[in-house]
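Per this note's numbering, numbering through the sequence shown is continuous, rising by one, with the last residue being 334.
Glycine included, each C-beta is placed from N, C-alpha and C at the ideal position.
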Amino acid sequence: MIHHGADATGIANIAMDGTVLDTWYPAPRLTSSPMHPTGTTRLGAHHISPKLLNLVRIDEDRHVEQVAVHTTIADLSSPPIDAHDVYLRLHLLSHRIVRPHDINMDNATDLLAIVAWTNKGPCLPDDFENVRTSLRSRGLIHVYGIDKLPRMVDYVVPSGVEITEAERVRLGAHLAPGTKVLREGYVSYNTGTLGQGRVEGRLYAGTVVGNDLDLGISASLVPDKNTKRLRVGNNCKLGLGAAVIGIDLGDNVTICNNIVLDPATQIYDASSQQRCTAESLRGKSNFCVRMEFGHPEPVVHSFS
């Protein structure tokens with residue numbers, strides 16, 4: 031985990047009751063010696079660019095005030111303190127300035143409000159139909175979701191990636207150049223790829239994968255519920271419907287179709303000709319897991 035700080039200037043959407051709906055930071059950066067302690071301050075007109083100043087307003091239709099803010103995080107290894115802090119960390123991840131597991135994201139979503147994400151901007155979901163009535167004068171209203179986390183592409187569009195469905199990638203995803211997230215794929219926050227890969231399955235929060243991932247349709251990589259982290263090495267493939275739950279994998283691993291492995295799953299090791307649990311695979315490289323005739327449990331074949 032890195033011990034640098036970070037800061038950025040951005041635009042926050044704040045509901046009339048004071049709820050922070052989101053904060054957009056167009057140019058976040060790391061800092062070795064932050065000028066201010068951790069926290070967020072509102073900025074006056076003389077502290078921001080003309081482009082950002084044009085975004086500062088009260089949107090009466092949405093019952094939201096758009097304000098300019100400056101957020102400082104003194105130490106990214108410390109947990110976030112509020113919604114502005116969380117949004118800056120999410121932007122650092124999606125801008126690929128930091129990698130998942132490099133910064134502290136403990137209890138990050140607990141600091142975020144549930145938001146109605148619309149094409150006119152974020153709103154509080156309570157009494158939304160009255161808001162919709164006001165917004166209809168500005169055209170048809172699209173509600174993309176009611177959730178704590180928005181779509182990544184509404185805040186950050188990283189270079190060199192393909193995303194077929196914008197709703198399937200959350201802000202805070204780290205997508206390396208060469209990553210393809212296809213229609214059935216899903217990438218959560220504080221999660222992502224460190225190299226090129228193909229994602230048609232689900233990468234849950236806290237998962238980090240190496241180069242040349244091939245995650246098939248309905249396949250899943252799920253972190254341990256206690257550590258909330260999962261690491262997968264290079265050149266790994268999970269077939270259709272396969273899943274790995276709470277087991278770190280090394281390099282050159284193939285999990286064939288419809289095989290689900292958690293630490294307690296019974297497997298058969300073809301090399302030792304013994305039964306064991308999938309916990310024995312933790313951190314190992316160069317093996318394939320498949321179903322074979324005569325074995326009710328998945329069979330592991332190691333190779334050099």
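ask   = Since residue 80 is in the alpha helix (DSSP H), which residue starts that stretch and which ends it?
value = Working through the sequence shown from its first residue, we reach residue 80 at position 50. It spans 80–83 - the alpha helix (DSSP H) in which residue 80 sits, taken as one unbroken run.
ask   = Which runs of the beta strand (DSSP E), 3 residues or longer, sit entirely within the segment 46–78?
value = 50–54, 59–61 and 69–72
ask   = Anyone know if the C-beta pair for residue 51 and residue 138 falls short of 8 Å?
value = Stepping through the sequence shown from its first residue, residue 51 is reached at position 21. Stepping through the sequence shown from its first residue, residue 138 is reached at position 108. Not a contact, by the Cβ cut-off of 8 Å.
inquiry  = For the pair the segment 119–133 and the segment 62–72, tell me if three or more CB-CB distances fall below 8 Å.
reply    = no
key: Residues of its chain near residue 214, where Cβ-Cβ distance is below 6 Å and the 5 sequence neighbours each way are ignored   = The sequence position of residue 214 within the sequence shown is 184, counting from 1. Setting aside the 5 residues that flank it on each side, residue 214 is surrounded in the same chain by 230 and 247, each with a C-beta closer than 6 Å to its C-beta; the list follows chain order.
ask   = Secondary structure at residue 106, three-state DSSP: helix, strand or coil?
value = In the sequence shown, residue 106 corresponds to position 76, counting from 1. Residue 106 falls in the coil class under three-state DSSP.
query = When the Cα atoms are used, what is the spatial distance from residue 36 to residue 57?
reply = Here residue 36 corresponds to residue number 6 of the sequence shown, with the count starting at 1. Here residue 57 corresponds to residue number 27 of the sequence shown, with the count starting at 1. If I take the Cα positions, the gap works out to 11 Å.
Start and end residues, alpha helix (DSSP H) containing residue 261 = Taking the sequence shown and counting its residues from 1, the one referred to as residue 261 is at position 231. Run containing residue 261: none in the alpha helix (DSSP H); it sits in the beta strand (DSSP E), 260–262.
query = How is the beta strand (DSSP E) around residue 317 delimited, first residue to last?
reply = Looking up residue 317 in the sequence shown gives position 287. That run of the beta strand (DSSP E) goes 317–320.
key: Local conformation of residue 92 per DSSP, three classes   = Residue numbering aside, residue 92 sits at position 62 when the sequence shown is read from its first letter. If DSSP states are grouped into helix, strand and coil, residue 92 belongs with coil.
ask   = Straight-line CA distance for residue 54 to residue 331?
value = Sequence index remark: in the sequence shown, residue 54 carries index 24 (1-based). Sequence index remark: in the sequence shown, residue 331 carries index 301 (1-based). Distance between the alpha carbons of residue 54 and residue 331 is about 48 Å.
query = Using the rule of at least 16 other Cβ atoms within 10 Å of the residue's Cβ for burial, across every protein chain shown, is residue 67 buried or exposed?
reply = What you label residue 67 is simply residue 37 of the sequence shown in a count that begins at 1. With fewer than 16 other Cβ atoms within 10 Å, it is exposed.
query = Excluding the five sequence neighbours on either side, which residues of its own chain have a C-beta within less than 7 Å of the C-beta of residue 116, listed in chain order?
reply = Numbered from 1 along the sequence shown, position 86 holds the residue referred to as residue 116. For residue 116, where only same-chain residues beyond five positions count, the Cβ hits under 7 Å are 110, 138, 141 and 142.
request  = For residue 210, collect the residues of the same chain with a Cβ closer than 6 Å to its Cβ; drop the 5 residues on either side in sequence, then sort them by chain order.
outcome  = Locating residue 210 in the sequence shown gives position 180, where the first residue counts as 1. Excluding sequence neighbours, residue 210 sits near 192 and 228.
inquiry  = Which of the three DSSP states is assigned to residue 345 in this structure?
reply    = The shown model of the chain, from 31 to 334, leaves out residue 345, and the question about it has no answer.
Check whether residue 61 and residue 34 have beta carbons under 8 Å apart = Against the sequence shown, residue 61 aligns to sequence position 31. Against the sequence shown, residue 34 aligns to sequence position 4. Their beta carbons are under 8 Å apart, which means residue 61 touches residue 34 by this criterion.
ask   = Which value, in whole angstroms, describes the spacing of the CA atoms of residue 226 and residue 114?
value = Residue numbering aside, residue 226 sits at position 196 when the sequence shown is read from its first letter. Residue numbering aside, residue 114 sits at position 84 when the sequence shown is read from its first letter. Between residue 226 and residue 114, the C-alpha separation is close to 31 Å.
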